[in-house]
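Note sheet for the following structure.
Numbering (this note's numbering), first residue to last: -3 to 389.
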């Protein structure tokens, strides 16, 4: 994170004694990235954060993948994957849509409280398509609602508590997820040209301590399973939410897409102006309601383009999608435009867009720099005909 926060009770100086009113010593834990060489936070626990009393395997959801062969653009209808969120939680109910060695994209409709969960392979960025609830974490809690991105650092113990059915688009990295480097000063402050700033980021509440014992935590970690992942369950003697206070620059946070300020110009702007986050070998962008190109001869919809170096995944959340009219894509759709195949607007959409002053659309895009394969969920909701839509007008 680009700025420092603190919550709860911490000692005046790090790595020094911090005691409870009864004289008991709190246990200090450093949670840091890249060894000891990047952002970190110090958490002060009542219990021993390393203690476990039992361990067993956790059978992860189906993570099998199938190559996109023959090479095809695809339309995946995510809303077909779930009838309701009854009996489903955000952690164990995810269905894998697309994946490669750097990132996994899943979708879930969930109405149940999740188990306590820790992703030890990378950061997670979860976009809330619909629904409300609370993300409870060892740092404190974050209230969420439609349009929120929840960025959860690697190894953060947390659980999802929905108020009712929640639709969540889950982006799991094998790396860290952060604002683009070009938005940041050399000291980590979001710069004036960035489309959002620190005021738009919501940090967790004060930490809330729990007293339960023998608590299960599901852990996704590196191993020998599909995509190099394995699951384990640790039983810990004291609830992980035992933090009396913490401080640092590493913590979960929320950012609402409505706070993203779009960058526009006289002629069509390239996709990097829509970027919101980045990870290793992938970027996350969002397309929000905005005024469009104001050159008198501008063509507002995108030009045809070849993804020479990347696969492009667009999740259509709300509004009207001018470039995709006539293709069958609508709310809840994902389009996959793979590297090596030129794509762009439906032919009839070009003339139809001339003279438009604004677009009312909301979409989340992930561009990856290694080819994506189809997961179980992606295979299940592929419409099978999208690749031929440009030939039909």
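Backbone N, C-alpha and C fix where the C-beta goes; we use that ideal spot for every residue, glycine too.
Where does residue i land, buried or exposed, given buried means 16+ other C-beta within 10 angstroms?
i, result
"residue 143", "buried"
"residue 413", "An answer regarding residue 413 cannot be provided, because it is not within the stretch -3 to 389 covered by the chain."
"residue 216", "buried"
"residue 156", "buried"
"residue 0", "exposed"
"residue 29", "buried"
"residue 101", "buried"
"residue 132", "buried"
"residue 325", "buried"
"residue 13", "exposed"
"residue 304", "exposed"
"residue 22", "buried"
"residue 209", "exposed"
"residue 290", "exposed"
"residue 55", "exposed"
"residue 52", "exposed"
"residue 49", "exposed"
Per DSSP, residue i is paired with what?
i, result
"residue 384", "Answer by DSSP bridge pairing: none, since residue 384 is not bridged."
"residue 393", "It is not possible to answer for residue 393, since the shown part of the chain is limited to -3 through 389."
"residue 193", "In the DSSP output, where bridge partners are listed per residue, residue 193 has none listed."
"residue 166", "102 and 122"
"residue 129", "140 and 158"
"residue 37", "27 and 244"
"residue 8", "Per DSSP, none; premise fails for residue 8."
"residue 357", "315"
"residue 252", "144"
"residue 211", "232"
Just to check my reading of the structure: residue i and residue j have Cβ atoms closer than 8 Å, yes? What is that Cβ distance to the nearest angstrom?
i, j, result
"residue 178", "residue 250", "At roughly 23 Å, the Cβ-Cβ gap does not stay under 8 Å, so residue 178 and residue 250 are not in contact."
"residue 204", "residue 136", "7 Å"
"residue 91", "residue 104", "7 Å"
"residue 120", "residue 85", "Their Cβ separation, rounded to whole angstroms, is 15 Å, which puts residue 120 and residue 85 out of contact at 8 Å."
"residue 284", "residue 186", "At roughly 17 Å, the Cβ-Cβ gap does not stay under 8 Å, so residue 284 and residue 186 are not in contact."
"residue 445", "residue 158", "Residue coverage of the chain in this structure runs from -3 to 389, which leaves residue 445 outside it and unanswerable."
"residue 256", "residue 192", "6 Å"
"residue 321", "residue 345", "5 Å"
"residue 299", "residue 340", "6 Å"
"residue 366", "residue 170", "Incorrect: roughly 11 Å between the Cβ atoms, too far for contact."
"residue 254", "residue 296", "Contact flag wrong, Cβ pair sits at about 22 Å."
"residue 282", "residue 269", "At roughly 11 Å, the Cβ-Cβ gap does not stay under 8 Å, so residue 282 and residue 269 are not in contact."
"residue 280", "residue 360", "7 Å"
Taking 7 Å as the line, does the beta carbon of residue i fall inside it for any heavy atom of the ligand FMN?
i, result
"residue 98", "For the ligand FMN, the structure offers nothing, since it holds no ligand at all."
Checklist entry - Touching or not, the segment 57 to 64 and the segment 368 to 380, by the rule of three or more beta carbon pairs under 8 Å? => result Counting Cβ pairs under 8 Å, three or more are found: they touch.
Item to check | At least three beta-carbon pairs within less than 8 Å, the segment 208 to 228 to the segment 263 to 281 | outcome: No, the segment 208 to 228 does not touch the segment 263 to 281.
Next on the checklist: Just to confirm the assignment: which complete beta strand (DSSP E) runs, minimum length 3, are found wholly within the segment 268 to 343?
Outcome noted: Those beta strand (DSSP E) runs which fall completely within the segment 268 to 343 and span 3+ residues are 271 to 275, 278 to 283, 307 to 315 and 329 to 333.
Next on the checklist: Under 8 Å: do the segment 380 to 389 and the segment 69 to 87 share three or more Cβ pairs, one atom per stretch?
Outcome noted: At 8 Å Cβ cutoff, the stretches touch.
Checklist entry - Pairing CB atoms from the segment 328 to 340 with CB atoms from the segment 235 to 251, are three or more of them under 8 Å? => result Below 8 Å, too few C-beta pairs join the segment 328 to 340 and the segment 235 to 251 to call them touching: fewer than three.
Checklist entry - Taking only runs of the alpha helix (DSSP H) that begin and end inside the segment 53 to 77, which ones reach a length of at least 4 residues, in chain order? => result With a minimum length of 4 residues, no continuous alpha helix (DSSP H) run stays inside the segment 53 to 77.
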